[in-house]
Amino acid sequence: PTIKILNTVNIHSSYGHKTKTVSLNDGTKVHLNAGTTLSYSKNFNSTSREVTLNGEAYFEVEKGSSPFIILTDLAKVTVLGTKFNVRSREDGFEIGVNEGEVKIENKTKSIDLKKGEQVDISIDQPKILSVSKVSNFYPGWKNNKLICDNRSLLKICDELERIYNVKINFQNESQKDILISGIINLNPSNLESVLSSISLLSKLEFKLRGDSYIVL
């Protein structure tokens with residue numbers, strides 16, 4: 283284990299950051315969303331291209347002689363050269379393709395995804411790969427948008443906590459399950475305007491108390 287740690291590069295993007303971009307030896311660019319860790323071997327090169335992702339990142343993979351592989355808790359992603367977004371967090375897995383093709387594998391299934399397609403895997407049903415079309419402005423975080431398609435208020439607030447490095451608390455548990463649809467502009471320097479938009483959609487208020495917000 284010690285040898286593995288010494289030979290591994292870990293790159294972390296903290297909460298509240300502006301997108302962090304990593305350039306790998308093969309020319310691939312990886313843009314990390316807030317609260318994300320990318321790990322790869324110090325021996326990473328054009329013939330051995332494997333990374334591990336915990337969080338969310340947008341990949342611009344250079345074509346190479348060997349496949350580019352992304353390992354996550356719920357699925358393995360294999361590509362040759364393409365642009366796509368991968369999200370692997372504690373609440374599930376998502377991948378959407380903006381250019382080219384990717385291959386997704388989990389313990390029971392393998393799917394080839396083309397441009398404009400998206401796959402979601404929930405933590406509750408990890409064997410099911412649900413395929414849909416990507417939305418406009420995908421991925422939202424990279425385009426300063428919060429894309430909500432029946433998205434729970436809990437998931438929305440989790441994302442805001444990462445992007446703006448704030449704490450949002452709920453007055454009662456039922457508020458977490460409220461579903462919201464719409465596209466919200468993420469103003470990087472004005473969280474208040476973002477919360478105002480969510481208030482209109484959710485019919486709830488966000489009040490600043492001390493150094494955190496509470497949903498009323």
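With my numbering, letter number 143 in the sequence shown gets 425, and the count goes up by one each step, no holes.
Note that the Cβ used here is the ideal one computed from N, Cα and C, for glycine as well.
Remember, it's a predicted structure, so these values are computed and weren't measured experimentally.
key: The beta strand (DSSP E) enclosing Val293, as first and last residue numbers   = The sequence shown places Ile at residue 293, not Val. Counting along the chain, the beta strand (DSSP E) containing Ile293 begins and ends at 290-295.
request  = Decide if Gln407 is buried, meaning its Cβ has at least 16 other Cβ atoms within 10 Å, or exposed.
outcome  = Label assigned to Gln407: exposed.
key: Three-state class that DSSP yields for Pro283 in the structure shown   = Here the model assigns Pro283 a pLDDT of 48, short of 50, so the residue's position is not dependable, and the following value carries that caveat. Residue state, collapsed to three classes: coil.
task = Starting from Asp394, follow the alpha helix (DSSP H) in both directions and report where the run begins and ends.
result = Not the alpha helix (DSSP H): Asp394 falls in the beta strand (DSSP E), residues 392-396.
Residues bridged to Ala339 [DSSP beta-bridge criterion] = Beta-bridge pairing links Ala339 to Leu314, Val368.
key: Contact check, Thr303 vs His294, beta carbons under 8 Å   = No.
request  = Thinking Ile377 and Asn367 are a contact (beta carbons under 8 Å), I'd like their distance in whole angstroms, please.
outcome  = 7 Å
Test item: CB-CB of Ile403 and Asn380 under 8 Å = Not closer than 8 Å, so no.
task = Please determine, among Gly464, Val448, Leu486, Val476, the residue with the shortest C-alpha to C-alpha distance to Lys458.
result = Leu486
query = What are the start and end residues of the beta strand (DSSP E) that includes Lys358?
reply = 358-361
inquiry  = Measuring alpha carbon to alpha carbon, tell me which residue in Ala339, Ser348, Tyr446, Val476 is nearest Ser328.
reply    = Ser348
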